[in-house]
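Asks: For reference, the structure I am asking about is given below.
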Amino acid sequence: MPYLGGEEAVRELRRALANPHVQADRLRYRAAVLRVIRHMAQGADVSGLFPEMVKASAAADVVQKKLVSLYVRAQAPRQPQLALLAVNTLRKDCSHPSPAVRGLALRSMCGLRMPGIQEYLQQPLLSGLRDKASYVRRAAVLGCAKMVKLQGDSEVDGALVNELYSLLRDQDPIVVVNCLRALEEILKKEGGVVINKPIAHHLLNRMADLDQWGQSEVLAFLLRYRPRSEEELFDILNLLDGYLKSSSPSVVMAATKLFLVLAREYPHVQADVLVRVKGPLLSACTSESRELCFTALCHVRQILGSLPGHFSSHYKKFFCSYSEPHYIKCQKMEVLCELVNDENVQQVLEELKGYCTDVSVELAQGAIFAIGNIARTYTEQCVGILTELLGLQQEHITSAVVQAFRDLVWLCPQCTAAVCRALPGCEDAIQDSEGKQALIWLLGAHGEKVPNAPYVLEEFVENVKSEMFPVVKMELLTALVRLFLSRPAECQDMLGRLLYYCIEEEMDMAVRDRGLFYYRLLQSGVEEVKRVLCGPTSDPSLGLLEDQTERPVNTWASEFNTLAPVYGRERWALVAAHEPPEPSYAYSPCTDSRNKDTESLISEGNEDVLKGHPDTGSLTLIPDVHLTAEQFEKTWLSLDMSCRLSLPWHGAVYPDAVQTALHVVHIQTIAMSKAGVQPWKAYLGAQDDTGCLFLTELLLEEADAGMQVSVKQSEARPEALQTFVSVLRTVMGTVAGLGS
Amino acid sequence: MGQGHHWRPFAVGLGPPWLRGPLPWVRATTGGHLLWVSGPSLWPLISRNYKGDVGLGEIENFMGLLLQREEEGTLAPLLTHGHVHFLWIKHANLYLVATTKKNGNASLVYSFLYKVVEVFCEYFKELEEESIRDNFVIVYELLDELMDFGFPQTTDSKILQEYITQEGNKLETGKSRVPTTVTNAVSWRSEGIRYKKNEVFIDVIESVNLLVSANGSVLLSEVVGTIKLKVFLSGMPELRLGLNDRVLFELTGRGTNKSVELEDVKFHQCVRLSRFDNDRTISFIPPDGDFELMSYRLHTQVKPLIWIESVIEKFSHSRVEIMVKAKGQFKKQSVANGVEIAVPVPSDADSPKFKTTVGSAKYLPEKNLVIWTIKSFPGGKEHLMRAHFGLPSVEKEEEEGRPPIAVRFEIPYFTVSGIQVTPAGSPGWCLQGGGDVTCGFSRVVAP
Chain A
1 MPYLGGEEAV RELRRALANP HVQADRLRYR AAVLRVIRHM AQGADVSGLF
51 PEMVKASAAA DVVQKKLVSL YVRAQAPRQP QLALLAVNTL RKDCSHPSPA
101 VRGLALRSMC GLRMPGIQEY LQQPLLSGLR DKASYVRRAA VLGCAKMVKL
151 QGDSEVDGAL VNELYSLLRD QDPIVVVNCL RALEEILKKE GGVVINKPIA
201 HHLLNRMADL DQWGQSEVLA FLLRYRPRSE EELFDILNLL DGYLKSSSPS
251 VVMAATKLFL VLAREYPHVQ ADVLVRVKGP LLSACTSESR ELCFTALCHV
301 RQILGSLPGH FSSHYKKFFC SYSEPHYIKC QKMEVLCELV NDENVQQVLE
351 ELKGYCTDVS VELAQGAIFA IGNIARTYTE QCVGILTELL GLQQEHITSA
401 VVQAFRDLVW LCPQCTAAVC RALPGCEDAI QDSEGKQALI WLLGAHGEKV
451 PNAPYVLEEF VENVKSEMFP VVKMELLTAL VRLFLSRPAE CQDMLGRLLY
501 YCIEEEMDMA VRDRGLFYYR LLQSGVEEVK RVLCGPTSDP SLGLLEDQTE
551 RPVNTWASEF NTLAPVYGRE RWALVAAHEP PEPSYAYSPC TDSRNKDTES
601 LISEGNEDVL KGHPDTGSLT LIPDVHLTAE QFEKTWLSLD MSCRLSLPWH
651 GAVYPDAVQT ALHVVHIQTI AMSKAGVQPW KAYLGAQDDT GCLFLTELLL
701 EEADAGMQVS VKQSEARPEA LQTFVSVLRT VMGTVAGLGS
Chain B
1 MGQGHHWRPF AVGLGPPWLR GPLPWVRATT GGHLLWVSGP SLWPLISRNY
51 KGDVGLGEIE NFMGLLLQRE EEGTLAPLLT HGHVHFLWIK HANLYLVATT
101 KKNGNASLVY SFLYKVVEVF CEYFKELEEE SIRDNFVIVY ELLDELMDFG
151 FPQTTDSKIL QEYITQEGNK LETGKSRVPT TVTNAVSWRS EGIRYKKNEV
201 FIDVIESVNL LVSANGSVLL SEVVGTIKLK VFLSGMPELR LGLNDRVLFE
251 LTGRGTNKSV ELEDVKFHQC VRLSRFDNDR TISFIPPDGD FELMSYRLHT
301 QVKPLIWIES VIEKFSHSRV EIMVKAKGQF KKQSVANGVE IAVPVPSDAD
351 SPKFKTTVGS AKYLPEKNLV IWTIKSFPGG KEHLMRAHFG LPSVEKEEEE
401 GRPPIAVRFE IPYFTVSGIQ VTPAGSPGWC LQGGGDVTCG FSRVVAP
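So this is what it looks like as structure tokens:
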């Protein structure tokens, strides 16, 4: 919003601010300051008023001080010299008799994001930390974090850190939580605030005093603490039990996560926890806030992944209401798919069937796909419903049904006959590319069971010139060649026409190439075509099993109550690929000293740097470790996980390259999957000069999902572990670069 | 992830929902409410950058993303652009957006955004673009107190109201008291409160959630109740309340016929949970003024209190005829007050005509609804409304959904669950007020 007539207005404002009559009248003075702020908010350049504004902050009026501090914060980065003027007034305010003014001054001063401010901050902050008003201490504690953030890379002041640790005993609950937050920020490089036994116990005792934000955050900080004994563990769980039923959904979520993580070795406790939070989660799912409802639904899905029957008796809670937004309805349908069982399948299908005719195309198609999903288990009923829907002759419905059929036939071959009976007549109602592809695929793969299949395909061949989507043309080529094998007499002529068109007239290279490919293939004889096109397909049941295996709770406990489940697994993998995720350490968190420069050098293939790298840390890996597969397995099973992280990975794995690269840095490959196998796995062993073993598992579940790395260490030495991880990261980064 | 949740960087961008640009596709998403069109770009109404990690310019990406995803039909309350996650809620016509780069706790962020809305609403009655523009100073003051460096600080609006006041912006002269609450161990109540007349009012409000299928059978019924207190007491009073809770009655060996089995009971922060677990008494030091003491949920077979049946006959190109029958299925002694039955009608309907056996009907063309209002509706009675609308001869193209008929009413001195609240101890409080029932159907039969 461009601001017009700026200069005149600024001159006018300056006159007003400098007018002694205005200054004498508090209300008029404040109104003038307010006008400056309004101009600023509208995008006008009011930087010229700096001296007058700083003078205005010396007034006794607190609201006016706040307004000026808003102004100063916005302008300071542009005019650091002038900002020092403001600092003087603010420092004076730091010893004002009123705590509100002191707190405000501290907050404003620390909010000035400009270089060189730190030296002015130190003294007021230290006295702020000891202030008798908790309002000031709250601001001072967070002020410390702001100051350290401004300092950037320089050394962290140990005395300050100690002061903050001792303030964890403050009687004001917000000061306590702010201390944790500040320490976490200040000690980021050392892995954040350390939660040892006394601190953990102190926090546990203070939980009841905290507000919902404090409780949720402290519960998250407690994740870092490992109870020393079983007894202590269960004492903690008992102490915190009430928070599983808190009225705040964020506390419930945080408590659930803490319980699941603490009880990682007690599956029955985890199961109990999930039973206890069922009620709160269900009420969050019917919460008035759509967003909280959405978040809860996402977490319900996560739980269902491990305990498919968990919410089955509450299936009606997941029926959609008319007024809910689309994203909630989608989540609910997904949940319904996952909790369906013999008892509720009838009602669930009945409900989903209702959604299929919804005015919203997305919802209707979503419901059809959901029924298609359920059809994997309850095939007959679902195919019946889907077939019935075809009778409506609605474009989007028919398209979705045919797509659902295609996926279903692939996974449940027993329903092929029923699907083939339903197909005739669909072709008239389908317009979109997805639907056409599905229909053509079905006709090609199972055309021998559909009497009019060649005639439907012929229709497509006739109109191929006006076909918009190249993918549909390619699908048509494949389908027609396949159908030609089973019904040659009816197809030969049009196949010739199609091939002629694709090779001679088609403009899209991919389609043309595909046409040429089939043409040459056909030249090598029908037997050869059969061998290529009708060869054994992979066993579909495998994929299905993979999908339905119940994931143990521990595989997702650590990402519960983060953004990951809210995005959903696939989307999160995409989002996380954008930024290299921070590694999480099960024991003590340690520094992540990734060095960007080294990394870029190595990706150019500089092996000297690679070799030299291990020596730079406190870690020297010895070259010849003799570790047999049996020894490895035994040691692996006996150790706890030390560190788990995910490395970005795209495309295929080249095992030889990985093995060679690892060998260079003295990491031995114990066992490894072949290229192209999914999931791809490798087990690595290494030993340093003190005899500490590093055992590693690499796991690539699907291309582009990121390489999951799990490291176990025979002795708990966080520093060495961290260096080892960074070596591994560098090597894998280099090899990942090779793939693309 | 072992690192705790960080969701520090935070900026509240409140932008108007309509796009300030005459883009054709906006019409499709906002349903024709494109009345204010100006300027080529979109401007965040206010924003506060708490941590400095996420640039202000990011909010522009959010708006683009929001509209794009809405068009694709893949809108979600969590969006991402590059490294920045946007968590947003919508209130009236404002979007409140939190931005973060960390993988944090989503429910905490949403709860906080709702808290912000709640606080603003208590200050300005309504939170909308106007009230933000008019109360610009308070808004910034509040944003400053609610959060610091990306961490929630004082969010209790009662406490905030003690030191950030609207009057303060008109008159205040150097008043700079930070209330004792900010330093109190009991963070929800200030010390030194005095009343001449000490009073407590208790309100039990229950709403019934019913899911009714198209053939008229009740799929799901549940009661969601809240107990609200209005407290005008001096000093630091300790209150105790008892419930006719089944667990308690079984504990003490009393009969269970008049007891209620509560599920998923949630209390205000002030209630001592250990005490409730031990002997089921609710013991607490209340905040001053209005607050919600507890909420509960229970599953019981509830008959719909007001049963609606409707017949809608649509004669294309000419007219639509609607007949709605409402039947009170509660006790004859009780009376439902302020009954409002909202019947959706096609958006192109015109020239309404009504006939009702009781109450009055009104057509709200902007909402495509007929509202049938009945001031008092005794139990056991049955009422009828007939409506007649003309339809244009040229039919509009897009298909319309069939929204449900919604019913609102209150039945004083009646709770669906039969819950009873009794004061325990503290002699001399005066108990006034009664229970209210509000009921909403999420779906009602429509032929």
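Line order of the protein sequences matches chains A and B. For the first sequence, position 282 (counting from the first letter as 1) is numbered 282 according to UniProt numbering, and the numbering increases by one without interruption. For the second sequence, position 387 (counting from the first letter as 1) is numbered 387 according to UniProt numbering, and the numbering increases by one without interruption. Here a beta-carbon is modelled for each residue, glycine too, at the ideal position from N, C-alpha and C.
Quick one: what does DSSP say R134 of chain B is sitting in, helix, strand or coil?
Replies: Within the second sequence, the letter at position 134 stands for residue 134 of chain B. It is worth fixing the name first, because residue 134 of chain B is Asp in this sequence and not Arg. Three-state DSSP puts D134 of chain B in a helix.
Asks: Determine, using beta carbons only, whether R240 of chain B comes closer than 9 Å to chain A.
Replies: Counting from one through the second sequence, the residue named residue 240 of chain B turns up at place 240. False, the Cβ-Cβ gap to chain A never drops below 9 Å.
Asks: So what does I708 of chain A bridge to, in DSSP terms?
Replies: Walking along the first sequence from the start, residue 708 of chain A turns up at place 708. In the sequence as presented, Ile is not what sits at residue 708 of chain A; that position holds Gln. DSSP, once it has assigned bridges, lists A:S646, A:L699 as partnering Q708 of chain A.
Asks: Can you find a C-beta in chain B that's less than 9 Å from the C-beta of Y567 of chain A?
Replies: The residue given as residue 567 of chain A occupies position 567 in the first sequence. Yes, because at least one Cβ of chain B sits closer than 9 Å to the Cβ of Y567 of chain A.
Asks: Would you kindly work out how many angstroms separate the C-alpha atoms of L336 of chain A and P304 of chain B, rounded to a whole number?
Replies: For the purposes of this step, residue 336 of chain A is identified with residue 336 of the first sequence, where counting begins at 1. For the purposes of this step, residue 304 of chain B is identified with residue 304 of the second sequence, where counting begins at 1. Computed Cα separation, rounded: 26 Å.
Asks: For Q420 of chain B, decide whether its Cβ has a neighbour in chain A, counting only Cβ atoms nearer than 9 Å.
Replies: Within the second sequence, numbered from 1, the residue matching residue 420 of chain B stands at position 420. Chain A contact via Cβ: absent.
Asks: Could you spell out the range, first to last residue, of the beta strand (DSSP E) harbouring M333 of chain A?
Replies: For the purposes of this step, residue 333 of chain A is taken as residue 333 along the first sequence, with counting starting at 1. Counting along the chain, M333 of chain A falls outside any beta strand (DSSP E), though it belongs to the alpha helix (DSSP H) covering 326-339.
Asks: Give the interface partners of Y355 of chain A over in chain B, defined as CB-CB distance under 7 Å, in chain order.
Replies: What you label residue 355 of chain A is simply residue 355 of the first sequence in a count that begins at 1. In chain order: nothing, as chain B lies at least about 11 Å away.
Asks: Residues of chain A with CB under 7 Å from F149 of chain B, in chain order?
Replies: Here residue 149 of chain B corresponds to residue number 149 of the second sequence, with the count starting at 1. Under the 7 Å cutoff, chain A gives L142, A145, K146.
Asks: Quick one: list the residues of chain B neighbouring D45 of chain A, beta-carbon separation under 7 Å, in chain order.
Replies: If you number the first sequence from 1, residue 45 of chain A lands on position 45. The premise fails here: D45 of chain A is roughly 16 Å from chain B at the closest Cβ pair, so nothing lies under 7 Å.
Asks: Going along the chain, which residues of the segment 295-316 of chain A sit with their C-beta nearer than 9 Å to a C-beta in chain B?
Replies: Residues T295, A296, C298, H299, K316.
Asks: Do you know how far the Cα of L160 of chain A is from the Cα of A105 of chain A?
Replies: Position 105 of the first sequence holds residue 105 of chain A. Position 160 of the first sequence holds residue 160 of chain A. Taking the straight line joining both Cα atoms gives about 20 Å.
Asks: Quick check: what's the CA-CA separation for N198 of chain B versus I285 of chain B?
Replies: Along the second sequence, one-based indexing puts residue 198 of chain B at 198. Along the second sequence, one-based indexing puts residue 285 of chain B at 285. If I take the Cα positions, the gap works out to 14 Å.
Asks: For the pair the segment 316-331 of chain A and the segment 108-117 of chain B, tell me if three or more CB-CB distances fall below 8 Å.
Replies: No, the segment 316-331 of chain A is not in contact with the segment 108-117 of chain B.
Asks: State yes or no: is the beta carbon of P280 of chain A nearer than 9 Å to at least one beta carbon in chain B?
Replies: Within the first sequence, numbered from 1, the residue matching residue 280 of chain A stands at position 280. Interface residue, yes.
Asks: So what does DSSP say about P623 of chain A, is it helix, strand or coil?
Replies: Here residue 623 of chain A refers to the residue found at position 623 of the first sequence. The answer is coil: DSSP assigns P623 of chain A none of H, G, I, E or B.
Asks: At a CB-CB cut-off below 7 Å, which residues of chain B make contact with H326 of chain A?
Replies: The residue given as residue 326 of chain A occupies position 326 in the first sequence. Residues of chain B passing the Cβ test: G73, L75.
Asks: Assuming F149 of chain B contacts K146 of chain A (C-beta within less than 8 Å), just tell me the rounded distance between them.
Replies: Taking the second sequence and counting its residues from 1, one reaches residue 149 of chain B at position 149. Taking the first sequence and counting its residues from 1, one reaches residue 146 of chain A at position 146. F149 of chain B to K146 of chain A, Cβ: 6 Å. Contact.
Asks: What are the boundary residues of the beta strand (DSSP E) that includes A58 of chain A?
Replies: Here residue 58 of chain A corresponds to residue number 58 of the first sequence, with the count starting at 1. A58 of chain A -> no beta strand (DSSP E), and no H or E assigned at all.
Asks: Our contact map puts residue 795 of chain A next to A661 of chain A with C-beta atoms below 8 Å; I'd like the distance itself, whole angstroms only.
Replies: Since the first residue of chain A shown is 1 and the last is 740, residue 795 of chain A is not available in this structure.
Asks: Taking all protein chains shown into account, do 16 or more other C-beta atoms lie within 10 angstroms of the C-beta of L244 of chain A, making it buried, or fewer, making it exposed?
Replies: Within the first sequence, the letter at position 244 stands for residue 244 of chain A. Counting Cβ neighbours within 10 Å, L244 of chain A comes out buried, since at least 16 surround it.
Asks: Helix, strand or coil for S321 of chain A, going by three-state DSSP, please let me know.
Replies: One-based indexing of the first sequence puts residue 321 of chain A at position 321. Of the three classes helix, strand and coil, the one that applies to S321 of chain A here is coil, per DSSP.
Asks: Nearest by alpha-carbon distance to Y50 of chain B: which of B:H299, B:Q420, B:A98, B:R402 is it?
Replies: Within the second sequence, numbered from 1, the residue matching residue 50 of chain B stands at position 50. Among B:H299, B:Q420, B:A98, B:R402, the Cα nearest to that of Y50 of chain B belongs to B:A98.
Asks: Run through DSSP, which three-state label would E265 of chain A get?
Replies: To locate residue 265 of chain A, count along the first sequence from 1; it is residue 265. Of the three classes helix, strand and coil, the one that applies to E265 of chain A here is coil, per DSSP.
Asks: Going by DSSP in three states, Q151 of chain A sits in which element: helix, strand or coil?
Replies: Within the first sequence, the letter at position 151 stands for residue 151 of chain A. Residue state, collapsed to three classes: helix.
Asks: So Q347 of chain A is in the beta strand (DSSP E); what residue range does that whole segment cover?
Replies: The residue labelled residue 347 of chain A in the question sits at position 347 within the first sequence. Unbroken run through Q347 of chain A is the alpha helix (DSSP H), 345-355; no beta strand (DSSP E).
Asks: Between E334 of chain A and chain B, is any beta-carbon pair separated by less than 9 Å?
Replies: Here residue 334 of chain A is taken as the residue at index 334 of the first sequence, counted from 1. Not closer than 9 Å to any Cβ of chain B, the Cβ of E334 of chain A fails to qualify, so no.
Asks: Is there a C-beta anywhere in chain A that falls below 9 Å from the one on P346 of chain B?
Replies: Indexing the second sequence from 1 puts residue 346 of chain B at position 346. Taking Cβ atoms only, chain A never reaches closer than 9 Å to P346 of chain B, which makes this a no.
Asks: Here's a check: name, in chain order, each residue in its chain whose Cβ is nearer than 8 Å to the Cβ of H430 of chain A, leaving out the five neighbours to either side.
Replies: To locate residue 430 of chain A, count along the first sequence from 1; it is residue 430. Note that residue 430 of chain A corresponds to Ile in the displayed sequence, not to His. E395, T398, S399, V402, K436, L439, listed in sequence order.
Asks: Along the chain, where does the beta strand (DSSP E) that runs through E362 of chain A open and close?
Replies: Taking the first residue of the first sequence as 1, we reach residue 362 of chain A at position 362. Element bounds for E362 of chain A: not the beta strand (DSSP E) but the alpha helix (DSSP H), 361-374.
Asks: Are A76 of chain B and L563 of chain A close, meaning C-beta to C-beta below 9 Å?
Replies: Reading the second sequence from its first residue, position 76 is the one you call residue 76 of chain B. Reading the first sequence from its first residue, position 563 is the one you call residue 563 of chain A. No.
Asks: In terms of residues, what are the limits of the alpha helix (DSSP H) holding V218 of chain A?
Replies: Here residue 218 of chain A refers to the residue found at position 218 when the first sequence is read from its first residue. It spans 212-221 - the alpha helix (DSSP H) in which V218 of chain A sits, taken as one unbroken run.
Asks: Look at C298 of chain A and Q331 of chain A and say whether their C-beta atoms are less than 9 Å apart.
Replies: What you label residue 298 of chain A is simply residue 298 of the first sequence in a count that begins at 1. What you label residue 331 of chain A is simply residue 331 of the first sequence in a count that begins at 1. A contact, by the Cβ cut-off of 9 Å.
Asks: Is it buried or exposed for L112 of chain A, if we count other Cβ within 10 angstroms and need 16 for buried?
Replies: Here the question's residue 112 of chain A lines up with position 112 in the first sequence. It is buried - the Cβ of L112 of chain A has at least 16 other Cβ atoms within 10 Å.
Asks: Can you tell which of A:G733, A:M732, A:L693 has the C-alpha that lies nearest to the C-alpha of P718 of chain A?
Replies: Within the first sequence, numbered from 1, the residue matching residue 718 of chain A stands at position 718. The option with the nearest alpha carbon to P718 of chain A is A:L693.
Asks: What residues from the segment 131-155 of chain B come within 8 Å of chain A, judged by C-beta to C-beta, listed N to C?
Replies: Within the segment 131-155 of chain B, the residues whose Cβ lies closer than 8 Å to some Cβ of chain A are F136, V137, Y140, E141, D144, D148, F149, F151, P152, Q153, T154, T155, listed in chain order.
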